[in-house]
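Residue numbers (the numbering used here): -13 to 159.
Shown next, in structure tokens, is the structure this report addresses.
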């Protein structure tokens, strides 16, 4: 995996999550699926995988819908730390972080997040399963969707402002 493009609409992507945010997300999923709430191994694994963000030769182009910055799936303090983590990623050479603003024109009704790996495979997570798509038609479709979302995304200082607005909405730390 050298080049990754992804979009998430409801949660912060795993590659950029803090441990506390990931722990809360795993707890929510455990409750939903009625499985034992043993998230520590999953959290540790997720945190270890983030090392790829700093490896030379890799690029991560991540789009997050602004609504995900406001979705409180964890305690306010954990969400504040998560938003701070996003700010710290702005400007890193291997990461292109874009925030799709709430008021951005949407030329289609996107129903889920997705990840494109090396322009060869698309991964879509649903509530109950993970889909792997590899046909040329699927790669083309998801590539076009990502490109259109990317055109509307705020980056750099503008992304920082949107993240700061979400953080301010959490109230005093």
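The beta carbon of each residue, even a glycine, is placed where N, CA and C say it ideally should be.
| query | result |
| --- | --- |
| Going by DSSP in three states, residue 82 sits in which element: helix, strand or coil? | strand |
| Short check: CB of residue 86 to CB of residue 51, under 9 Å? | yes |
| Is residue 46 near residue 104, with beta carbons less than 9 Å apart? | no |
| Hey, quick one: how far does the beta strand (DSSP E) through residue 103 stretch, first residue to last? | 100 to 103 |
| Cα separation between residue 26 and residue 34? | 12 Å |
| Suppose you measure from the CA of residue -11 to the CA of residue 84; what does that come to, to the nearest Å? | 16 Å |
| So, are the CB atoms of residue 6 and residue 16 less than 9 Å apart? | no |
| Kindly indicate which three-state DSSP category residue -8 falls into: helix, strand or coil? | strand |
| Starting from residue 2, trace the beta strand (DSSP E) in both directions and tell me its first and last residue. | Taken as a continuous stretch (DSSP letters only), residue 2 belongs to no beta strand (DSSP E), as it is neither H nor E. |
| Should residue 113 go down as buried or exposed, given a rule of 16 or more other Cβ atoms within 10 Å for buried? | exposed |
| Starting from the Cα of residue 71, find the closest Cα among -13, 150 and 98 and give me that residue. | 150 |
| Applying the 10 Å Cβ sphere with the 16-neighbour rule, what's the burial state of residue 106? | exposed |
| Taking all protein chains shown into account, do 16 or more other C-beta atoms lie within 10 angstroms of the C-beta of residue 37, making it buried, or fewer, making it exposed? | exposed |
| So residue 152 and residue 56 are supposed to be a Cβ contact under 8 Å. How far apart are they, rounded? | 5 Å |
| Using CA coordinates, which residue listed in 42, 14, 138 and 20 is at the minimum distance from residue -7? | 138 |
| Please return the same chain residues whose Cβ sits closer than 6 Å to the Cβ of residue 101, not counting the five positions on each side in sequence. | -8 and 109 |
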